[in-house]
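Working notes, structure below.
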Amino acid sequence: PARYFDTKTTEPISFFLSGLEELLSWQPNSDDEFNISAVPLAKRQPLLQSRRPRTLVCHDMRGGYLEDRFIQGSATRNPYVFYHWRYIDIFVYFSHHTVTIPPVVWTNAAHRNGVSVLGTFITEWTDGEKLCEAFLAGGEEAYSAVAKQLARIAQHYRFDGWLVNIENTLSAAAVGNLAPFLRELTAQVHSAVPGGLVIWYDSVLQDGTLRWQNELNEENRVYFDACDGLFTNYNWKEEQLQHTSRLAGPRHADVYVGVDVFSRGDVVGGGFDTDKSLRLIRQHNLSAAIFAPGWVYEHLGEENFLQNENRFWGLLADYLPTHSICTLPLATSFSLGMGTSRFLDGKDEESGPWYDLSMQEIQPLYPERQGRLSTSCCLQDAWCGGSSLRLQGTIPPGEESVAVRLFSLQMPAPPKLFLTLLYKLEGPQPDDFTVALEVTTWDSGTCLEGNPTSLPEPNGRHHPRFLPAPPPGLAKLLAACHRGSHGWTSRCYELALQDCSLRDLSVIVSRQEPSPQETSFTCLLGEIRVLDTASVAASPPQVHSVTASQLWWQ
């Protein structure tokens with residue numbers, strides 16, 4: 010069927026639903042199994058329910074369902090990717106189809122990095138009025154059926170809820186049922202999807218007129234009260250933020266103030282000035298909804314996209330609270346889910362462009378220190394996948410090393426950690442530097458490294474012990490210790506901790522010899538793994554009852 014398979018290639022594709030009839034007649038079937046996310050939402054801290062202001066990204070690009078609709082990837086050159094997941098809480102996939110089901114590749118990438126994904130339910134123009142008349146003015150039975158179907162769809166495809174956008178006027182009969190519909194949808198989503206969310210877009214007022222308010226006020230509050238949050242329109246002024254914050258009270262983090270990166274209309278700042286908008290939003294302790302950050306790709310072009318993307322998010326970093334990983338194992342090769350080649354064990358196995366966001370690995374923080382350090386993606390060389398992480402920076406005169414914080418962590422440390430690192434030093438004198446891992450722990454009087462007689466480390470900084478070879482029980486699994494090749498160096502480490510809580514994972518680049526001069530370095534990171542030794546040594550669970558379906562033999 011054309012809805013589920015591309016007519017040219019027969020490959021499975023992601024899809025949307027048009028109109029009320031398609032929504033109400035939707036049923037799961039065996040053809041759409043490719044569209045079910047295979048990656049559960051990773052745990053992270055702080056939780057989405059915390060009172061800390063959040064960051065939502067609303068992805069709206071050229072009508073949606075572009076190359077990202079190909080569930081098993083495509084040979085796309087210079088595709089759009091998003092990878093600053095540590096800095097955001099919610100990802101909305103937006104299009105102008107009635108029911109936008111997020112392409113499963115986005116759900117997989119976001120979930121791997123702990124970010125919730127919402128689809129969009131939109132009605133607009135005269136068709137939207139007719140559609141709303143049909144299900145809202147039709148009474149409780151009609152709107153409950155729509156709410157139930159939307160919740161079932163999110164549950165079936167394993168994404169996390171809906172942005173609801175009613176962009177047309179409503180009759181008195183229809184508007185009377187709008188808040189009850191939102192309440193019903195929110196209840197259905199909460200019951201069908203653990204951690205599910207319904208967010209309302211600032212559009213229709215309680216009297217049914219379509220007038221964007223750019224704030225939370227008495228005219229749209231009824232909808233905010235009926236669901237999990239409000240996404241405001243983009244043309245706000247600072248006094249509206251004050252008013253919104255006051256009215257929202259303890260729910261201040263549930264108001265997502267809209268920021269249009271394309272700067273349409275009268276806005277505080279978009280493009281590379283988006284930080285001006287975010288600064289004001291955060292001053293009032295509100296959440297932010299960054300709309301169409303694909304501006305970087307669409308407006309500035311595909312050529313220097315990765316460079317421009319790092320610049321864009323780097324300018325916002327001060328206003329984007331980051332998230333910690335709170336489960337082990339942590340293992341990543343930093344791949345973006347795209348590339349100009351596919352690498353395996355440091356070797357270029359297959360040249361040619363590819364794009365598959367489901368293959369994107371856990372992404373780190375991307376720290377920038379003006380002129381001193383930059384963190385970026387390198388497509389030219391990788392250990393595994395399509396890219397590695399490039400650290401470029403300088404070690405200041407008189408200092409021995411530079412620490413680059415890649416992940417913040419928040420979990421109790423197991424008694425013994427096993428860590429692996431694969432890296433490659435570039436530049437004229439790679440032998441002038443050493444590269445190692447550092448783990449920091451939260452300060453506490455009880456945290457000790459190694460045996461009970463050892464002293465607490467200053468500042469909670471631990472330098473795991475280098476292992477020339479893996480421990481006997483793990484040798485087979487961790488052949489990694491010997492597997493540097495194609496110019497990559499492999500290192501294995503062990504760290505024993507008692508009563509500690511993990512805080513950060515950093516890479517330390519050090520000079521071999523002290524020097525009064527500033528020294529520049531470039532280091533590629535190919536893979537990092539942090540493993541709980543006990544769970545690695547345990548034998549993996551047996552897999553039973555494997556079935557294979559949808560096979561196409563070539």
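Counting the sequence shown from 1 gives a position; the numbering used here is that position plus 9.
For each residue, glycine too, the CB sits at the ideal point set by N, CA and C.
This one's a predicted model, so the numbers in the text were calculated from it and none came from an experiment.
For the 7 Å CB-CB criterion, F190 and Y152 form a contact. The shortest C-alpha to C-alpha distance from Y328 to any of P62, S396, L388 and E248 is the one to P62.
Contact annotation: V124 and F91 have beta-carbon atoms that are not nearer than 7 Å. Taking the C-beta atoms as reference points, S350 is found nearer than 7 Å to D357. For L382, the secondary structure class from DSSP, reduced to helix, strand or coil, is strand. Annotation note: the stretch 335–368 contains the following uninterrupted beta strand (DSSP E) runs of length 3 or greater, listed N- to C-terminal: 339–341, 347–353 and 356–364. Annotation: the continuous alpha helix (DSSP H) that includes T135 extends over W134 to F144. In this structure, P373 lies near F416, with their beta-carbon atoms less than 7 Å apart. Within its own chain, the residues whose Cβ lies closer than 8 Å to the Cβ of T218, once the five positions on either side in sequence are excluded, are T178, listed in chain order. L388 sits in coil when the DSSP states are folded into three classes, being neither helix nor strand.
In this chain, the beta strand (DSSP E) harbouring L400 covers S397 to I404. For L400 against V516, the beta-carbon gap comes to about 7 Å, under 8 Å, which counts as contact. Measuring C-alpha to C-alpha distances from F475 to each of E447, G454, D275 and D365 identifies E447 as the nearest. For I299, the secondary structure class from DSSP, reduced to helix, strand or coil, is strand. For F314, the enclosing alpha helix (DSSP H) starts and ends at F314 to L325. Per DSSP, the beta bridge partners of Y432 are T498 and L534.
Distances from the alpha-carbon of E527 to those of P424, L382, S499 and G459 put L382 closest. When DSSP states are grouped into helix, strand and coil, K157 belongs to the helix group.
The C-alpha of S410 is placed about 43 Å away from the C-alpha of P112. About 18 Å separates the CB atoms of D365 and W392; that is not less than 8 Å, and the two are not in contact.
A straight line joining the alpha-carbon of F130 with that of T109 spans about 6 Å.
Two segments are said to touch when three or more pairs of C-beta atoms, one from each, lie closer than 8 Å; by this definition the stretch 534–544 touches the stretch 428–440. The stretch 214–239 is shown to contain whole alpha helix (DSSP H) runs of 4 or more residues at 230–235, in chain order. Using a Cβ-Cβ distance cut-off of 8 Å, the stretch 375–390 and the stretch 140–149 are not in contact, since fewer than three pairs of beta carbons, one from each stretch, lie closer than that value. Counting C-beta atoms within 10 angstroms of its own C-beta, V552 has fewer than 16 neighbours from the protein chains shown and is therefore classed as exposed. In the same chain as A188, and ignoring 5 residues on each side of it, the C-beta atoms closer than 7 Å to its own belong to V231, Y232 and A235, in chain order.
Here L187 carries a helix assignment [DSSP, helix/strand/coil]. Non-local C-beta neighbours of G436 in its own chain, meaning closer than 8 Å and more than five positions away in sequence, comprise S529, F530 and T531, ordered along the chain.
The alpha-carbon separation between P362 and L75 amounts to approximately 16 Å. The beta carbon of I290 is closer than 6 Å to those of V266 and A297 in its chain, skipping five residues each way along the sequence.
V48 and V114 have their C-alpha atoms roughly 10 Å apart. Leaving aside the five residues that flank E133 on each side, the residues in its chain whose CB is nearer than 6 Å to its CB run, in chain order, E176 and N177. The beta carbons of I22 and R167 sit no closer together than 7 Å. Under the three-state reduction of DSSP, V198 is assigned to helix. Excluding its 5 nearest sequence neighbours in each direction, N294 has C-beta neighbours in its own chain below 8 Å: P62, S254, H261 and A262, listed in chain order.
Just so you know, the alpha carbons of S200 and L57 end up roughly 17 Å apart.
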